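Notes for the one structure printed next.
Residue numbers (the working numbering), protein chains in the order written: chain A, -12 to 102; chain B, 1274 to 1384.
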């Protein structure tokens, strides 16, 4: 079946502009996660959703970052007034209900470059 | 909150030798421990996982061991091959909560 998809695959934006990143999870996966990975670094947790609610927003780096999920499916991560330090690969993952110990499936990521 | 440490940060082995990567976690309530392999420019892929009610799990050349008392778990790769070269991440998850990842280990298998 179809895996997790993300769009765009690459995004180049000017400093100060807003960007929206999209994640389409695997059908039926109610848990959705956003991570950020800078070049050569590990996975930095940003936010996760269980259904449409976000029990844990602790990883969002600043109030310029926000995320929403509608219909228990597609999620968008919005970065306002982008800064150069926001440049990274943004990875989305989905899994079955987070109450169970189910594996995450990652999308291909969106490479964001802020110039 | 949960914290996961991972060692070593880099590891070089000769083809055919074994590789071991170790992780420790801080939250004794964590109950699920996956390992991911990430090749350059690719997404992380799950290679093996273990739940807290199991001490060891094997899948062909890879195995994971879990010591709940000491709060550490390890990845073992035997008969390493050049295609095993990648960055490996461990993670820990508490029931119903988020995953916390280790910083990664860059494994190089030398032919």
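Note that the Cβ used here is the ideal one computed from N, Cα and C, for glycine as well.
Owing to the predicted nature of the structure, the values given are computational and were not obtained by experimental measurement.
Item to complete: Kindly indicate if chain A contains any beta-carbon less than 8 Å away from that of residue 1371/B.
Response: Translated into the one-based positions of the second chain, residue 1371/B becomes position 98. Taking Cβ atoms only, chain A reaches closer than 8 Å to residue 1371/B, which makes this a yes.
Discussion item. Applying the 10 Å Cβ sphere with the 16-neighbour rule, what's the burial state of residue 48/A?
Written reply: As a working mapping, residue 48/A is identified with position 61 in the first chain. Under this definition residue 48/A is an exposed residue.
Worksheet item: Using the beta-carbon count (16 or more within 10 Å), is residue 1324/B buried or exposed?
Response: What you label residue 1324/B is simply residue 51 of the second chain in a count that begins at 1. Classification of residue 1324/B: exposed, given that the 10 Å Cβ count is below 16.
Worksheet item: Hey, how far is the Cα of residue 1297/B from the Cα of residue 1303/B?
Response: The residue given as residue 1297/B occupies position 24 in the second chain. The residue given as residue 1303/B occupies position 30 in the second chain. When rounded, the distance between both Cα atoms is 11 Å.
Practice prompt. Report the residues of the segment 1332 to 1345 of chain B with a CB closer than 8 Å to any CB of chain A, ordered along the chain.
Written response: Residues of the segment 1332 to 1345 of chain B with a Cβ closer than 8 Å to any Cβ of chain A: none.
Discussion item. In the DSSP assignment, the beta strand (DSSP E) including residue 0/A goes from what residue to what residue?
Written reply: For this step, residue 0/A is matched to residue 13 along the first chain. Counting along the chain, the beta strand (DSSP E) containing residue 0/A begins and ends at -3 to 0.
Worksheet item: What does a CB cutoff of less than 6 Å around residue 68/A pick up in its chain, not counting 5 residues either side in sequence?
Response: As a first step, residue 68/A is located in the first chain; it is residue number 81 there, counting from the start. Counting only Cβ-Cβ distances below 6 Å, and skipping sequence neighbours, we find 3 and 51.
Worksheet entry | chain A within 8 Å of residue 1367/B, Cβ atoms only | Sequence index remark: in the second chain, residue 1367/B carries index 94 (1-based). False, the Cβ-Cβ gap to chain A never drops below 8 Å.
Worksheet item: So with Cβ pairs under 8 Å, would you call residue 96/A a contact of chain B?
Response: Here residue 96/A corresponds to residue number 109 of the first chain, with the count starting at 1. Residue 96/A counts as touching chain B.
Practice prompt. Could you check what DSSP says for residue 67/A in three-state terms: helix, strand or coil?
Written response: Mapped onto the first chain, residue 67/A falls at position 80. Correct three-state label for residue 67/A: coil.
Practice prompt. Starting from residue 1350/B, follow the beta strand (DSSP E) in both directions and report where the run begins and ends.
Written response: Stepping through the second chain from its first residue, residue 1350/B is reached at position 77. Residues 1345 to 1350.
Practice prompt. Assign residue 1353/B to one of two classes, buried (16 or more other C-beta atoms within 10 Å of its C-beta) or exposed (fewer than that).
Written response: As a position in the second chain, residue 1353/B is number 80, starting the count at 1. Residue environment analysis places residue 1353/B among the buried positions, since at least 16 neighbouring C-beta atoms fall within 10 angstroms of its C-beta.
Discussion item. Can you tell me whether residue 1337/B is buried or exposed? The criterion is at least 16 other CB atoms within 10 Å of its CB, across all chains shown.
Written reply: What you label residue 1337/B is simply residue 64 of the second chain in a count that begins at 1. Looking at its Cβ environment, which holds 16 or more other Cβ atoms inside 10 Å, residue 1337/B is buried.
Practice prompt. Pick out whichever of 64/A, 94/A and 26/A has its Cα sitting closest to the Cα of residue 34/A.
Written response: Taking the first chain and counting its residues from 1, one reaches residue 34/A at position 47. For the residues 64/A, 94/A and 26/A, the minimum Cα distance to residue 34/A belongs to 64/A.
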